[in-house]
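When the count follows our numbering, it moves up by one through the sequence shown with no breaks and lands on 217 for the last residue. These notes concern the structure reproduced below.
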Amino acid sequence: MKTCYLLLFIFLIGFDAQAQQPLKGSYRSKESAEIIYNLIDGYFVETKFNVNTKAFDYTWGGPFTKEGNKLIVLTHFDSRDKSVVGKSREISFNIKNLDLIDKGENALAGNWRISGRKTGDQITDNPLRARRTYKLLTGTRFQWFAINIETGEFSGTGGGTYQFINGKYTEHIEFFSRDSNRVGASLQFSAKIEEGKWHHSGFSSKGEAIYEIWSRD
1 MKTCYLLLFI
11 FLIGFDAQAQ
21 QPLKGSYRSK
31 ESAEIIYNLI
41 DGYFVETKFN
51 VNTKAFDYTW
61 GGPFTKEGNK
71 LIVLTHFDSR
81 DKSVVGKSRE
91 ISFNIKNLDL
101 IDKGENALAG
111 NWRISGRKTG
121 DQITDNPLRA
131 RRTYKLLTGT
141 RFQWFAINIE
151 TGEFSGTGGG
161 TYQFINGKYT
171 EHIEFFSRDS
181 NRVGASLQFS
191 AKIEEGKWHH
201 SGFSSKGEAI
211 YEIWSRD
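Here's what the structure looks like:
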């Protein structure tokens with residue numbers, strides 16, 4: 001009898017620990033292969049695009065909480081309608097009805113905000129404001145988005161898959177809201193984590209030298 005109680009206790013502890021694990025990773029809709037959901041650091045982004053036609057449809061997202069098979073998302077941005085920014089949205093979200101792309105596990109996985117730039121030896125800080133640029137990385141996917149959480153202004157987004165190997169960070173672009181000609185391109189940068197910040201250097205898609213510092217805040 002004691003053995004049965006012990007096994008039940010161990011099962012319940014394991015179940016509770018699993019239930020408390022944060023929801024993270026990348027998922028694809030089973031209803032539409034063009035819809036991708038990325039979640040990390042308590043932030044949710046839904047994006048619809050077609051990599052074959054290079055068409056970008058929409059993206060939206062923000063901080064979320066999970067209640068059963070639902071997500072409550074505080075809308076930080078929506079490329080279709082800026083009037084919904086600042087409002088909460090409830091959506092159905094059951095991972096059993098989605099195809100898992102990755103589990104959000106990578107040294108660079110996180111929701112990063114650009115917090116500084118380096119020119120020569122000079123670092124210019126970019127403090128947290130309503131207007132901000134994020135780059136959300138799951139285990140294999142990335143997406144950047146430039147937004148204003150007060151005015152609802154949406155300045156653009158792009159994303160796709162990435163690799164981080166031996167200090168080299170490589171992006172493979174699958175969608176780009178402002179210029180579909182960027183789709184299919186690959187960009188490689190040097191990357192390192194120092195004191196919890198991501199130092200990202202190399203050349204932009206326009207061929208310009210960059211040194212960016214990103215923070216998870």
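Heads up, the beta-carbon is just placed ideally off N, CA and C, and yes, glycines get one too. None of the values given here were measured: they were computed from a predicted structure.
About 7 Å separates the CB atoms of S79 and S177; that is less than 8 Å, so the two are in contact. Here the C-alpha atom of T47 lies approximately 14 Å from the C-alpha atom of K135. When DSSP reads this structure, G160 sits in a beta bridge with F142 and I173. For P127, there is no enclosing beta strand (DSSP E), as DSSP gives it neither H nor E. Judged by DSSP secondary structure, S215 falls within the beta strand (DSSP E) whose first and last residues are A209 to S215. The bridge partners DSSP lists for L187 are E171. Distance between F142 and L187, taken at the CA atoms: about 13 Å.
Between W214 and I149, the C-beta gap is not smaller than 9 Å, which leaves the two residues out of contact. DSSP lists T65 and E90 as the beta-bridge partner residues of I72. Ranked by Cα distance from Y169, the options S155, L137 and R182 are led by L137. DSSP, read as helix, strand or coil, puts R117 in strand.
For I193, the three-state secondary structure derived from DSSP is strand. Residues of the same chain with their beta carbon placed closer than 8 Å to that of K206 are lacking, with the five preceding and five following residues left out of the count. Secondary structure note for N50: its beta strand (DSSP E) is the uninterrupted segment Y43 to N50.
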